[in-house]
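Have a look at the structure below before the remarks.
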Amino acid sequence: MGCRSLWQFLKKRHKAVPRPARQRIPQGRFRIDVQGSIYPSIRHAYSQNATPEAAHASVLRRIEQLGNPSDSVLYFDGGAAVEKQQTHQDRQKVRTKALAEASKHITIFSERQEKNLRIRKSHFTRIRKELAKAFVWDPEMRKGLVRYLREKGWTAIECDTEADLQIAKDFQQGDVAISGDSDLLAYASIAKIWRPMGRQFLEYDVNDVLE
């Protein structure tokens, strides 16, 4: 998801997007990096909902806060790009460590139950926290979401590799890229980025940011 500290470094280089301006752009399209924009919502939807359909509907509601089918294109990550193999490996190490930590905390939880010791909120919190870090979105669920969105009238693209690479190729004058991935700042073709912050957006004019 890019360099987290870069957004902090650029904290004074953005401006809030006025609410009316979010409804439509006169020319161009919103190019939305789905995982780069709403990954926590995806993780929650596919961890908490009982059926794929309920999870799809939950993610759609979040996507609708970013754009609409008439002027938005949704991009979904595929495999890891060659130039991002190290990032992919680093993420896998984090997941492996998180699973080990979750297993440890589950064991502690079970032992306390067996001994009739008090179970505190922190015991649940630690397990949930580590399992969240270890979450991997099932590719079949992702494909199912893409089909679901297309049936709802959205243009959804399954990228060969990372979504930011495809967005950079497709970006045209007047477009806006929507993503929380700071990697988009590195592409000369991308002129404007809206970074989602809850229901709000922070706007970055890339040429101004990089001056």
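With the working numbering applied, the sequence shown covers -15 to 195.
Virtual Cβ for every residue (Gly too), placed ideally from N, Cα, C.
message = Just to confirm the assignment: which complete alpha helix (DSSP H) runs, minimum length 4, are found wholly within the region 88 to 152?
response = Within the region 88 to 152, the complete alpha helix (DSSP H) segments at least 4 residues long are 105 to 118 and 123 to 135, listed from N- to C-terminus.
message = Measuring alpha carbon to alpha carbon, tell me which residue in Gly62, Pro53, Tyr23 and Ile103 is nearest Glu146.
response = Here the closest residue by C-alpha is Gly62.
task = Let me know if Glu114 comes out buried or exposed under the rule of 16 or more other beta-carbons within 10 Å of its beta-carbon.
result = Within 10 angstroms of the beta-carbon of Glu114 lie 16 or more other beta-carbons, which makes it buried.
query = How is Tyr41 classed by DSSP in three states: helix, strand or coil?
reply = Looking at the sequence shown, residue 41 is not Tyr but Ala. In the structure shown, Ala41 sits in a helix (DSSP, three-state: H, G or I).
message = Tell me whether the region 107 to 126 and the region 26 to 37 touch, counting them as touching only if at least three CB pairs, one residue from each stretch, are closer than 8 angstroms.
response = Enough Cβ pairs lie closer than 8 angstroms, so yes.
query = Buried or exposed: where does Asp144 fall if 16 or more other Cβ atoms within 10 Å of its Cβ makes it buried?
reply = In summary, Asp144 is exposed, with fewer than 16 beta-carbon neighbours lying within 10 Å of its beta-carbon over all protein chains present.
ask   = Would you call the region 72 to 81 and the region 99 to 110 in contact, with 3 or more CB pairs under 8 angstroms?
value = No, the region 72 to 81 does not touch the region 99 to 110.
query = Mapping DSSP to helix, strand and coil, what is Tyr171?
reply = Tyr171: coil per DSSP, three-state reduction.
key: Cβ pair Arg13, Val57 closer than 9 angstroms   = Yes, they are a contact pair.
message = Here's the rule: buried if 16 or more other CB atoms are within 10 angstroms of the residue's CB, otherwise exposed. What is Ser21?
response = So Ser21 counts as buried.
ask   = Among Arg110, Gln11 and Gln97, which one has its Cα closest to the Cα of Ala86?
value = Ala86 has its Cα closest to that of Arg110, out of Arg110, Gln11 and Gln97.
request  = Find the nearest neighbour of Leu83 within the set Ala34, Ile47 and Lys117, judged by alpha-carbon distance.
outcome  = Ranking Ala34, Ile47 and Lys117 by Cα distance to Leu83 puts Lys117 first.
Where Leu50 sits in the DSSP three-state scheme = Three-state result, Leu50: coil.
task = Over the uninterrupted beta strand (DSSP E) stretch that includes Ser166, give me the two end residues.
result = Per DSSP, Ser166 belongs to no beta strand (DSSP E) and is neither H nor E.
query = Where does Cys(-13) sit, in a helix, a strand or coil, going by DSSP?
reply = Low per-residue confidence applies at Cys(-13): pLDDT is 49, beneath 50, and the placement is therefore not dependable, though the value from the model is reported in the following sentence. DSSP places Cys(-13) in coil when its eight states are reduced to three.
message = On the criterion of 16 or more Cβ atoms from any shown chain inside 10 Å, does Ser54 qualify as buried, or is it exposed?
response = Classification of Ser54: exposed, given that the 10 Å Cβ count is below 16.
task = Work out the CA separation of Lys136 and Ala161 for me, nearest whole Å.
result = Cα to Cα, Ala161 sits roughly 22 angstroms from Lys136.
query = With 16 other CB atoms within 10 Å as the buried threshold, where does Leu169 fall?
reply = Classification of Leu169: buried, given that the 10 Å Cβ count is 16 or more.
ask   = What is the DSSP secondary structure of Gln184, reduced to helix, strand or coil?
value = It is a strand residue.
key: For Tyr59 and Ile151, believed in contact at Cβ under 8 angstroms, the rounded distance   = 6 angstroms between Cβ atoms; contact.
request  = Would you mind reading off the limits of the beta strand (DSSP E) that contains Arg15?
outcome  = Per DSSP, Arg15 belongs to the beta strand (DSSP E) from Phe14 to Asp17.
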